[in-house]
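This report concerns only the one structure given below.
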Amino acid sequence: WTNSNPSIGLAASGSGNIPAFTAINLTNVPVTATITVTPSAIGCAGLPQIFTITVNPTPDVVQPSNQTLCNGATTNAIVFTGAVSGTTYNWSNNNPSIGLAASSSGNITAFTAINTGNIPVIATITVTPSTSLCTGQPVQFTITVYPTPVVNAGSDKKVCLGQSVQLSVSGASTYTWSPAIYLSCTNCPNPIATPVDSMRYIVKGTTMAGCQASDTIFLNIIRPFQMLVSPNDTLCVGESTNLSANGANSYLWSPAQGLSRTDIANPVARPSVTTQYRVIGYDAHNCFTNTGFVNIAVGPIPVLNLGVDLNLSTGTVFNFNPVTQNGPILSWAWTPATGLSCTNCANPVVSVRNNSNYRLTVTNNYGCKTTDDINIFVFCKSAQVFIPNAFTPDGDGLNDILMIRGKGVVIKYFRIFNRWGELIFEKTNFNPNDIKYGWDGKVRGIPATPDVFVYTAEVICDNNVIYTYKGNTTLLK
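Converting from the sequence shown to this note's numbering requires adding 56 to each position, the first position being numbered 1.
Structure below.
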């Protein structure tokens, strides 16, 4: 036999049977060898026989590149290629959890990679090329999906204005903070922040594989507060008042003497002496305090004495003379006003007419008040009226008029008779001590001769007691 194409791995010629051999195809197309077999006997040659051996090429696949990406990223599409036309490609995936089917044929389209754990996930993809007659050798490549880092910047913080706070982040390899203001560094895991305003910082963490995630932390700036306290006050001994403070979260008052409590905003103060109270207000974050003061002046209660109750005859003019202590006394208030010369003075004058009760309220410079009462009991006696038993109407300006003198009474009538009982003078309804209602010694306009005359009078006291007077008076010249 002879072989027309020794490149297939068979010798160019030989005799006897053709042993098995390994077919060779170094091209990408089928290779055909024509084998001619010539039989022979001793002295004779038979007719040659021809057959062919066709060697088809083995399909291949270009080795795909490995891919590494982060969770949630989209892979590159994978297009399989080889030298033999008409090759088909079948592939299998040993880790479908990455988001790729367990097996399929044809190219691998781009897909979103998944890694739900905390460590890298590796999928090994095995690709086997084949034609209708031959199957090529499989090749493998890997897709590695790195997890998304869990970046943790910690809980939000409260920062006292003017103070610093150290931030701390974990979960990645490198970090970038923004905004970059008020930070000691922006690419470290533990920057020191000294903000002057409340800030929200964003920190982006990147792993060694280049995967990124971020977290935020809010720094709430605590500023100094203003505390308001109640105004100063003045009390009298034994009185109380409410202190108050507002604007803080908690309070501490001192001294404790005289206070109902020291740890509330509005304690009741009942100091026995003048006291300055201090209150310290604290915010809720132990950042700032504020201090206020309230002066409580404690004044004594004035002492007042109007004296003992009085028994006075009607018409008596009485001058009140109260005795006071713990002054100075700034105001006087008398009640009732009836009969008083003044109601806001220390020493009013009253003309006594009826039984009365007078009350005086005094107020000192601390605003402290006290009161006292005095009762005036009124009486009326006949001795309160005086009618002279002689007069001299001689025009010398002395004892020229016969008139009724007295106090606390009203004269109902005053009548004078001569010795024969004839009425020669009469006046009615007038007050005593009024010369207009006296007798000038004339009878019908003519001066009377010296003589003894009879008078009668009826008076009504201011307390409505009635007295009648009768007597003689002598007209002298």
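Ideal Cβ positions, reconstructed from N, Cα and C, are used throughout, including at glycine.
As the structure is a prediction and not an experimental result, all values here were calculated from the model.
So, at 8 angstroms on beta carbons, what are the nonlocal neighbours of THR83 in its own chain, with the 5 sequence-adjacent residues on each side left out? As a position in the sequence shown, residue 83 is number 27, starting the count at 1. Here the set comprises PRO113.
Give a yes or no on whether the C-beta atoms belonging to PRO247 and ASN127 are separated by under 8 angstroms. Counting from 1 along the sequence shown, the entry for residue 247 is found at position 191. Counting from 1 along the sequence shown, the entry for residue 127 is found at position 71. No; because the gap between Cβ atoms is not below 8 angstroms, this pair is not in contact.
Just reading off the beta strand (DSSP E) that ARG326 is part of, what are its end residues? Here residue 326 refers to the residue found at position 270 when the sequence shown is read from its first residue. Element bounds for ARG326: n/a, residue is neither H nor E.
Exposed unless 16 or more other CB atoms sit within 10 angstroms - verdict on LYS437: For the purposes of this step, residue 437 is identified with residue 381 of the sequence shown, where counting begins at 1. LYS437 is exposed by the Cβ-count criterion.
Quick one: using the 10 Å Cβ neighbour count with 16 as the cut-off for buried, is THR130 buried or exposed? On the sequence shown, position 74 is the one that residue 130 refers to. THR130 comes out exposed.
Out of TYR493, CYS398, VAL324 and CYS517, which has the shortest C-alpha to C-alpha gap to ARG409? In the sequence shown, counting from the first residue as 1, residue 409 sits at position 353. Comparing Cα positions, the closest option is CYS517.
CA-CA distance, LYS260 and SER300? The residue labelled residue 260 in the question sits at position 204 within the sequence shown. The residue labelled residue 300 in the question sits at position 244 within the sequence shown. Distance between the alpha carbons of LYS260 and SER300 is about 49 angstroms.
Residue nearest to ALA228 in terms of C-alpha spacing, selected from ALA249, THR262, ILE237 and PRO311: Along the sequence shown, one-based indexing puts residue 228 at 172. Here the closest residue by C-alpha is THR262.
Identify, in the order they occur along the chain, each residue of the same chain with its Cβ nearer than 8 angstroms to the Cβ of PHE281, setting aside the five sequence neighbours on each side. Taking the first residue of the sequence shown as position 1, residue 281 is located at position 225. If we look at PHE281 and ignore the five residues flanking it on each side, its Cβ neighbours are GLY303, ALA304, GLY337, ASP339, PHE344 and ASN346.
Less than 8 angstroms separating the beta-carbons of TYR511 and VAL441? One-based indexing of the sequence shown puts residue 511 at position 455. One-based indexing of the sequence shown puts residue 441 at position 385. No, Cβ-Cβ distance for TYR511 and VAL441 is not below 8 angstroms.
What is the DSSP secondary structure of ALA249, reduced to helix, strand or coil? The count along the sequence shown starts at 1 and reaches residue 249 at position 193. The answer is strand: DSSP assigns ALA249 an E or B state.
Is DSSP giving SER211 helix, strand or coil here? Position 155 of the sequence shown, counting from 1, holds the residue named residue 211. In this structure, SER211 counts as coil in the three-state DSSP scheme.
Between PRO488, PRO176 and GLY192, which lies nearest to ILE545 when the distance is taken from Cα to Cα? The structure shown does not extend to residue 545, since the chain is modelled only from 57 through 533, so no value can be given for it.
If contact is defined by three or more beta carbon pairs under 8 angstroms, each pair taking one atom from either stretch, is the region 445-455 in contact with the region 376-396? no
Check whether the Cβ atoms of VAL87 and VAL111 lie closer than 8 angstroms to each other. Within the sequence shown, residue 87 is the residue found at index 31, counting from 1. Within the sequence shown, residue 111 is the residue found at index 55, counting from 1. Result yes, Cβ atoms of VAL87 and VAL111 sit closer than 8 angstroms.
Since VAL285 sits in a beta bridge, which residues does DSSP pair it with? Taking the first residue of the sequence shown as position 1, residue 285 is located at position 229. Bridge partners of VAL285: ALA301.
Say whether the region 457-466 touches the region 482-489, bearing in mind that this needs 3 or more beta-carbon pairs closer than 8 angstroms, one atom from each stretch. yes
If you measure between the beta carbons of ALA353 and THR330, is that distance less than 8 angstroms? Counting from 1 along the sequence shown, the entry for residue 353 is found at position 297. Counting from 1 along the sequence shown, the entry for residue 330 is found at position 274. Contact: yes.
Does the distance from the C-beta atom of THR90 to that of SER60 stay below 8 angstroms? Reading the sequence shown from its first residue, position 34 is the one you call residue 90. Reading the sequence shown from its first residue, position 4 is the one you call residue 60. Yes.
How close, in whole Å, do the beta carbons of ILE443 and GLY494 come, if the pair is a contact with beta carbons under 8 angstroms? Taking the first residue of the sequence shown as position 1, residue 443 is located at position 387. Taking the first residue of the sequence shown as position 1, residue 494 is located at position 438. ILE443 to GLY494, Cβ: 10 angstroms. No contact.
Taking the alpha-carbon positions, what's the TYR307 to ASN342 distance? Position 251 of the sequence shown, counted from the first residue, corresponds to residue 307. Position 286 of the sequence shown, counted from the first residue, corresponds to residue 342. Roughly 12 angstroms between the two C-alpha positions.
I'd like to check one pair, ASP507 with LEU531: are the Cβ atoms closer than 8 angstroms? Numbered from 1 along the sequence shown, position 475 holds the residue referred to as residue 531. Numbered from 1 along the sequence shown, position 451 holds the residue referred to as residue 507. Yes, Cβ-Cβ distance for LEU531 and ASP507 is below 8 angstroms.
Close Cβ partners of VAL206 (< 8 angstroms) along its chain, the five nearest in sequence each way excluded: Within the sequence shown, residue 206 is the residue found at index 150, counting from 1. Hits under 8 angstroms: ASN174, GLY227 and ALA269.
Under the assumption that PRO185 contacts VAL117 (Cβ atoms under 8 angstroms), give the Cβ distance between them as a whole number of angstroms. Locating residue 185 in the sequence shown gives position 129, where the first residue counts as 1. Locating residue 117 in the sequence shown gives position 61, where the first residue counts as 1. At roughly 4 angstroms, the Cβ-Cβ gap stays under 8 angstroms, so PRO185 and VAL117 are in contact.
Sort out for me which residues DSSP pairs SER412 with in a bridge. Working through the sequence shown from its first residue, we reach residue 412 at position 356. Beta-bridge pairing links SER412 to ILE432.
Bounding residues of the beta strand (DSSP E) (the contiguous stretch that carries TRP147): For the purposes of this step, residue 147 is identified with residue 91 of the sequence shown, where counting begins at 1. Counting along the chain, the beta strand (DSSP E) containing TRP147 begins and ends at 144-149.
Take the Cβ of THR537 as the centre, count every other Cβ of all protein chains shown within 10 Å, and call the residue buried at 16 or more, exposed below. Residue 537 is absent from the structure shown; the chain starts at 57 and stops at 533.
So MET255 is in the beta strand (DSSP E); what residue range does that whole segment cover? Position 199 of the sequence shown, counted from the start, is the residue given in the question as residue 255. 255-262 is the extent of the beta strand (DSSP E) around MET255.
Using the DSSP secondary-structure output, state which residues sit across from LEU479 in a beta bridge. In the sequence shown, counting from the first residue as 1, residue 479 sits at position 423. DSSP, once it has assigned bridges, lists PHE473 as partnering LEU479.
So, is MET283 buried or exposed, given that buried needs 16 or more other C-beta atoms within 10 angstroms? Residue numbering aside, residue 283 sits at position 227 when the sequence shown is read from its first letter. Under this definition MET283 is a buried residue.
Where TRP147 falls, given that 16 or more other Cβ within 10 Å makes a residue buried: Numbered from 1 along the sequence shown, position 91 holds the residue referred to as residue 147. Counting Cβ neighbours within 10 Å, TRP147 comes out buried, since at least 16 surround it.
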